[in-house]
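Comments concern the structure below.
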Amino acid sequence: MFGLNRRDTRFLLIVIALTLLTPFILQPFPEGSALAQFNAGYPDLMQRIAIFGIFAIGFNILFGLTGYLSFGHAAFLGVGSYAVVWMYKLLDYNVLPGLVLAIVTSGLFALAIGYLSLRRSGIYFSILTLAFAQMSFNLAYSVLTPITNGETGLQVYTSDPQILLGENEPNVPHLFGLAMNESYKLELGGWVFTFNVGYYFTAVIAILAFYLSLRIFRSPFGMMLRAVKSNQTRLHYTGVNPRPYTLAAFVISGMYAGLAGGLLAAMDPLAGAERMQWTESGAVVIMTILGGAGTLMGPVLGAGFIKYLEKIFSKINENILEGWFAFLPEGMREVVVWVLSRFTGEGWALTLGLMFMLVVIFLPGGLMEGGRRIAALFRRRPETGKDDSAPGGAPAE
Amino acid sequence: MDAILLQILNGLDKGSAYALIALGLTLIFGTLGVVNFAHGAMFMIGAFCAVTLQRLLSLSYVTIDESRTDFLGNPLKIRTPYVESWFGPEAGQAIIDWSVPLAIVFAIPVMVGLGFLMERGLIRHFYKRPHADQILVTFGLAIVLQEIVKFFFGANPIPTPAPEAFSGSFDFGVLLGFEPNSIIYPYWRMIYFVFALIIIGAVFAFLRFTTFGMVVRAGMVDRETVGLLGIDIDRRFTVMFGIAAAVAGLAGVMYTPINAPNFHMGMDFLVLSFVVVVVGGMGSLPGGVLAGFLLGILESFASMSQVIDLLPGINQIIIFLVAIVVLLVRPRGLMGRKGVMEE
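The listed protein sequences derive, respectively, from chains C and G.
Each residue of the first sequence is one higher than the last, beginning at 300 in this note's numbering.
Each residue of the second sequence is one higher than the last, beginning at 3 in this note's numbering.
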């Protein structure tokens, strides 16, 4: 089905099911229970997870397959956001034209940057992409203010033309009248499940994005990209010019980033230059590595994992910790709470950094490799000598 | 003419910082072959060494003066720093005033120790891993260090003034026969420049004129042969890592009066310093230093109002633009050795 073999079809169906059922999966605890703070089934977070999942899937097509580490993907994210908000301003709040424009502009942008950057590889490539992205960021903040609205960020004003705006169209981002922020709440016993239009819209796009990346991974083109990663010199000897392939991968991943940026603006009709800053590029690198670069599911997992923990960890404050460790004797409790509160709430970034370091040091294959190792442990089977660069064989496990 | 001179002078202090950080980065890359993304964090930690020392020196005890009252009518509390009570008010005040220069002494052991710890504890395990892994792990380390500093010192910049004696500005114009006040230059920036030259000179002299330096230079060229000669090159490279960290730290210490340090200053400088290293030529010490000063001056020229009128926004992107052109046209940089990391 869908041009995939049976195994991949099953895998895709599982992913689709998981994505569509996310509002249930992320809401395992009844409302009002002590564990309700671990619930993540609210639209904003789910949407973010899906969006950054798309971003990371795209980044993985470049980094995971070809090994080119780009530190400048945030630029495309920003371009996508700006494109969508401009479409809001010129046409109306329908998200579709904006998303198309976002993909096209970020693709063109990626073509230009990739054409230049891919002349170098390794650290030079990283620095070139970083330089381009920082340039875009600096320009968006200063000279390009007429286009980007500088520090304020681009937003829709009532004085904007919005030529397609109809009489009773919703005044928020929508898809042919279906407002993005509309949601339907389902109460079942103690549980409250929220089904949000924006989330499902993003989820469908994410599934499409995932499907496309699956096809790329399995295609001869994907094979060629892996060849670039494992031995570029040999490719040259074989008489293949790898540049067009890497450039294509770069443009595709740029378009994914643009799409993600556009969806961010579909969530909230705002676009700011800070989305182009290199910390944002760093974030997608972290997500991809944490999940497992070069695997299909890894980047999505990484994105979900980080966005979830970010939300949950930053909510845990000292009072909550006090509550948890109430059973400990006074002095000990204070010490435990003090130590833990350094890593939660405000200290979330510290946890992220540590986690990231540990993964890079001990688990270069990311969470996916961790999962595989644990699975292998249970099967009581010696590690099969699977190649790191081609772990596509068992993506779902 | 005076405007051009002024821009050159303005570029020198930023250029000095770039040059110092680039020097350390190149030392690490040239010796250990490691791309260290945590080097900016070393710069930042150096700056916070100065802040820490200033806070330590200003630690004070409170005495209550019954004879006077504050504006609420309560007895006036007088804070007296301990150093003032130990060395007398005047000497104590002077010590606090001079805390930034004093922090140099304080920062060297801290930074060298931190460098040792980093190299032995972490970087050593990454020699054989790909550059991408090195970038990633040091990037993670940079985040961790940054967050730790943020936890102890907060997110806001902490003003750390230079000693009173250097707070003024020097009128260069008069010296060179221009109108008075046409070229004024703060004393501290001048000191920063001289300090940077001294440090750079010291590192070069150390590498050029000592046996240790000779061995290190030999190791940079051909590590294997030096190892075969029975020299423990790894240990020397660890020392070099410590020195590189100390150089970055000192650059940070002295930079505090110019720019109040905050926890992300390291990252801001790191991105630019990498660009500087690449422009100078990966692995070339003189190249890194030269490129640092050149780009600093270039940046300051680009922020002249005449230039901005001509090419709006150029001051924001000039460094990156230069880097892109250099990388595309001459990938080994200004002074890079042929064949080193050219691909």
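Where is the CB? At the ideal position from N, CA and C, for every residue including glycine.
Could you check what DSSP says for residue i in three-state terms: helix, strand or coil?
i: L376/C; result: helix
i: H535/C; result: helix
i: K130/G; result: coil
i: F475/C; result: coil
i: P469/C; result: coil
i: E450/C; result: coil
i: S62/G; result: strand
i: L336/G; result: coil
i: S416/C; result: helix
i: D687/C; result: Only weak support exists for where D687/C lies, its pLDDT of 46 falling under 50; the coordinates are left without a value.
i: T457/C; result: coil
i: P327/C; result: coil
i: N12/G; result: helix
i: N437/C; result: helix
i: N304/C; result: coil
i: N76/G; result: coil
i: S613/C; result: helix
i: L595/C; result: coil
i: A164/G; result: coil
i: A695/C; result: The predicted model places A695/C with a pLDDT of 41, which falls under 50 and marks its position as unreliable; any figure quoted below should be read in that light. Note: A695/C maps to coil in three-state DSSP.
i: P541/C; result: coil
Compare the beta carbon distance of residue i and residue j with 9 Å and say whether it is the shorter of the two.
i: F354/C; j: A559/C; result: yes
i: S580/C; j: L429/C; result: yes
i: I350/C; j: M596/C; result: no
i: A373/C; j: V583/C; result: yes
i: I515/C; j: L364/C; result: yes
i: V146/G; j: L653/C; result: yes
i: S275/G; j: Y84/G; result: no
i: S613/C; j: W577/C; result: no
i: S512/C; j: I356/C; result: yes
i: I585/C; j: G603/C; result: no
i: A592/C; j: F362/C; result: yes
i: A167/G; j: Y187/G; result: no
i: V309/G; j: T162/G; result: no
i: I202/G; j: G221/G; result: no
i: M575/C; j: S435/C; result: yes
i: L649/C; j: I150/G; result: yes
i: T493/C; j: L562/C; result: no
i: A508/C; j: Y555/C; result: yes
i: H127/G; j: I504/C; result: no
i: G489/C; j: L569/C; result: no
i: T545/C; j: N359/C; result: no
Short of 7 Å in beta carbon distance, which residues of its chain neighbour residue i, apart from the five on each side in sequence? Order them along the chain.
i: G684/C; result: With a pLDDT of only 47 at G684/C, under the threshold of 50, the placement of this residue in the model should not be trusted; the figure read from the coordinates follows. Result list for G684/C: empty, nothing under 7 Å.
i: D4/G; result: G175, F180, S184, I185
i: D99/G; result: P165, E166
i: A105/G; result: C51, A52, L55, V255
i: F214/G; result: R238
i: E86/G; result: G94, Q95
Just checking my contact of residue i with residue j at CB under 8 Å: how many whole Å lie between their CB atoms?
i: T212/G; j: A49/G; result: No, T212/G and A49/G are not in contact; Cβ-Cβ is about 29 Å, not under 8 Å.
i: I10/G; j: I299/G; result: 6 Å
i: A43/G; j: G251/G; result: Wrong, their Cβ atoms sit about 10 Å apart, outside the cutoff.
i: R346/G; j: T240/G; result: Residue numbering for chain G in the displayed model covers 3 to 345; residue 346/G lies beyond these limits and cannot be assessed.
i: L336/G; j: L292/G; result: 6 Å
i: M46/G; j: F197/G; result: Contact doesn't hold; Cβ gap of about 18 Å is too wide.
i: Q433/C; j: F141/G; result: Not really, about 15 Å apart at Cβ, beyond 8 Å.
Which residues in the same chain have their Cβ closer than 8 Å to the Cβ of residue i, if we skip the five residues on either side of it in sequence?
i: T28/G; result: V279, G282, M284, G285, S286, L287, G289, G290
i: I426/C; result: F370
i: F31/G; result: V37, N38, V279, M284, G285
i: G13/G; result: F295, G298, I299, L300, E301, S302, F303
i: L627/C; result: V635
i: S332/C; result: G489
Residues in the same chain with beta-carbon distance under 6 Å from residue i, minus the five sequence neighbours each way, listed in chain order, please.
i: I506/C; result: I315, T318
i: G366/C; result: K528
i: G117/G; result: F243, G244, A247
i: L443/C; result: none
i: V496/C; result: L477, M479, E481
i: F295/G; result: G17, A21
i: L8/G; result: I185
Any 3 or more C-beta pairs closer than 8 Å across the region 411 to 430 of chain C and the region 538 to 553 of chain C: yes
At least 3 beta-carbon pairs within less than 8 Å: the region 375 to 388 of chain C vs the region 401 to 409 of chain C: yes
The region 464 to 476 of chain C in contact with the region 387 to 402 of chain C per 3-pair CB rule at 8 Å: yes
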